[in-house]
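Novice: Everything in the sequence shown is counted per the working numbering, starting at 27 for the first residue and increasing by one. C-beta: ideal position from N, C-alpha, C; glycine also. Every value quoted in this text rests on a predicted model; they were computed, and no experiment measured them.
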Amino acid sequence: TSTAQNDRGLMRSEATMWDVWTALVRASSISGGVGCSSSQRMRHWRAVLCVAALSSVFWYGRGRGGPGAVLRGAVWPCAWVSASPTSRGQVSRLASSACGSPHRRQFVVLSRSRLRGQRRRAIADQVGLALSQSLQERLGREVDDVGLDVQLHFSRHGHACTRQIFDGDEMDELRGVIENAVEVSEFEAWQWTVRSHFGEAIANQMEDVFDCQDTLDGIPVAFLQHFNLWRQSEGVRALTHSPRIAKVAASLLGTKRVRLYQDAVFVKRPGDSTTRWHADLHMAPFDTNGMVTCWLPLRPVLAQADGGTGLMFISGSQRDVALGFWRKEPQKARLNLEGRYGEEAMQDHHGALALGDATWHHGWTLHGAPCLAAEGTSARMALAMTYIADGTRIRGDDVDADVDDEDSFSYRAWLGDLSPGSIAEHELLPLVCSS
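#1: Got a sec? Which residues, its chain only, sit under 7 Å from Ile149 by beta carbon, not counting five neighbours each side?
#2: I need the boundaries of the beta strand (DSSP E) containing His185, first residue and last residue.
#3: My guess is that Thr314 and Gly394 are in contact by the Cβ rule of under 8 Å, so how many angstroms apart are they, rounded?
#4: Comparing C-alpha positions only, which one of His179, Arg182, Asp193 and Asn230 sits nearest to Leu165?
#5: Which whole runs of the alpha helix (DSSP H) in the stretch 333 to 380 are 4 residues long or more, in chain order?
#6: Please say whether Arg283 and Asp170 have beta carbons closer to each other than 8 Å?
#7: Note down the Cα distance separating Asp243 from Gln231, rounded to an integer number of angstroms.
#8: Does the separation of the CB atoms of Val293 and Leu255 fall below 8 Å?
#9: Alpha carbons only, please: which of Ser158, Glu432 and Ile340 is nearest the one belonging to Glu370?
#10: When burial is assigned at 16 or more other CB atoms within 10 Å of the CB, is His185 buried or exposed?
#11: Please classify Arg182 as buried or exposed, where buried requires at least 16 neighbouring CB atoms within 10 angstroms.
#12: Going straight from the alpha carbon of Arg345 to that of Gly316, what length do you get?
#13: Taking C-beta to C-beta, are Leu381 and Pro326 nearer than 8 Å?
#14: What do you reckon, are the CB atoms on Met411 and Thr281 nearer than 8 Å?
#15: How big is the Cα-Cα spacing for Cys187 and Gln373?
#16: Around the C-beta of Ala450, are 16 or more other C-beta atoms found within 10 angstroms, so that it is buried, or is it exposed?
#17: Leaving out five residues on either side along the sequence, give the residues of the same chain with a beta carbon under 8 Å from the beta carbon of Glu401.
#18: Please tell me whether Glu199 and Leu157 are closer than 8 Å, where the distance is taken between their beta carbons.
#19: Any idea which residues DSSP pairs Lys294 with across the strands?
#20: Could you check how far apart the C-beta atoms of Ser408 and Trp321 are, in whole angstroms? I think they sit under 8 Å.
#21: Check Thr266 in the structure and name its three-state DSSP category.
#22: For the beta strand (DSSP E) that contains Trp303, what are its first and last residues?
#23: Leaving out five residues on either side along the sequence, give the residues of the same chain with a beta carbon under 7 Å from the beta carbon of Glu311.
#24: Check each candidate in His375, Met338, Ala305 and His376 and name the one with the smallest Cα separation from Val347.
#25: Just checking, does the stretch 210 to 219 make contact with the stretch 243 to 252 on the three C-beta pairs under 8 Å criterion?
#26: Can you give the beta carbon distance from Glu432 to Met309, rounded, assuming they're within the 8 Å contact cut?
#27: Identify whether Trp218 lies in helix, strand or coil by the three-state DSSP scheme.
#28: Can you tell me whether Phe236 is buried or exposed, with buried defined as 16 or more other CB within 10 angstroms of its CB?
#29: Among the residues of its own chain, which have a CB less than 7 Å from the CB of Leu444, if the five just before and after it don't count?
#30: Whole angstroms is fine: what's the gap from Gly389's alpha carbon to Leu307's?
#31: Answer yes or no: do Phe180 and Trp352 have a C-beta to C-beta separation smaller than 8 Å?
#32: Can you list, in chain order, the residues of its chain with a C-beta nearer than 7 Å to that of Leu279? Leave out the 5 residues immediately preceding and following it.
#33: Quick one: using the 10 Å Cβ neighbour count with 16 as the cut-off for buried, is Ala276 buried or exposed?
#34: Alpha carbon to alpha carbon, what distance is there between Leu286 and Arg270?
#35: Nearest chain C C-beta to Ile271 closer than 8 Å, yes or no?
#36: Between the Cα of Val274 and the Cα atoms of Thr391, Leu457, Glu233 and Val176, which residue gives the shortest distance?
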């Protein structure tokens, strides 16, 4: 954006409608021709609309004292295009020529990456105020211990389900807060997906969501993952730190004190592929058995027989020490799990989940999710909150080389501050239950 400091000069814009439409025709030759992908055509038409938006501001101001008279003292509206730097330069020149070359420096065509910080701050202000005071108070109250039946099921099978841990009204409010936070972190989620497929160097070259989509074109994506929203959103922080969640985590782990490791919103869109079998602790930097994840769907989840995509668990896999102990590459050993555990261990254990229901799984429990049909479905969104027992240690230097660093995007901000083998104590690993 640029402030209106030179109103008098801008008032004398000599733009004509012919100039505007000439610029639009010229912009149409930038890209979007035969053989272009759908994302390239989308960028092309964003460029066209950019020219139209910039030009219309000056045309509207002509004869009315110039645009400065209309928007005097305000921030000048400038457009952005999600395009390559070359295309942005072409569009900027076209927009300038359409409205008079003497004022070329007044036009700023911004990429989405440059607007991300402004947009994040604007939405974050709303997110921080989204939770009502009454809900914040309810989230902060102590709750009864989880039932012995749930604890026993978790101990035996490595997973469990708690029904209606939140009521419908609470979930409606929580969902609004979380969805706002997800909107802020959209680019980071896409960039993480690029990194998981192509590595750090390629991910760092991405400028915006469209760059990421181009790079991932034709590659199956299982979900988009938004890490650690509690660090940006007070509403998400109130939920992840809530005794209603943290105390259940402590009970299931058999400990009195737990720390929040991470939260992550998983968005599985229509057409997204199967989530592979995996164990969370194999991707975390800890040397422990004390980790549990609460998986809280933000929309009702159908049973898998009806097309639902809730998590599937392999019962008893958290106790299968031999799977990883005897193999140099335990990830490859997970390719034939049905033969190892049998069909009964891999069924849809918890069925349909209503708003307010949550599933829990141990850090070593193998779990995954089926694909989501491309037609007749809506995106599945769930918040996963992961907790570790207080006193957990960081992995030492003597760990197996076959460590999956897929979640390094989550812990890179604090892992370098702790030495291998040390106790995991850090401000980004907050103590959330100490009763």
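Specialist: Reading it off the structure:
#1: Confidence is the limiting factor: at Ile149 the pLDDT is only 49, short of 50, which leaves the residue's position unreliable and the question unanswerable from this model.
#2: His185 to Thr188
#3: About 22 Å; that fails the 8 Å criterion.
#4: Asp193
#5: 347 to 351, 356 to 359 and 363 to 367
#6: no
#7: 16 Å
#8: no
#9: Ile340
#10: buried
#11: exposed
#12: 13 Å
#13: yes
#14: no
#15: 15 Å
#16: buried
#17: Pro296
#18: yes
#19: Arg406
#20: Residue 408 is actually Ala in this sequence, not Ser. Indeed they touch by this definition, with Cβ atoms about 6 Å apart.
#21: helix
#22: Thr301 to His304
#23: Rather than Glu, the amino acid found at residue 311 in this sequence is Pro. Taken in chain order, the residues that qualify are Ile420, Arg421, Tyr437 and Leu441.
#24: Ala305
#25: yes
#26: 5 Å
#27: helix
#28: buried
#29: Ile420, Ala450 and His452
#30: 5 Å
#31: no
#32: Gly316, Val318 and Ala415
#33: buried
#34: 13 Å
#35: As a matter of chain content, chain C is missing from the structure shown, which is built from one protein chain.
#36: Val176
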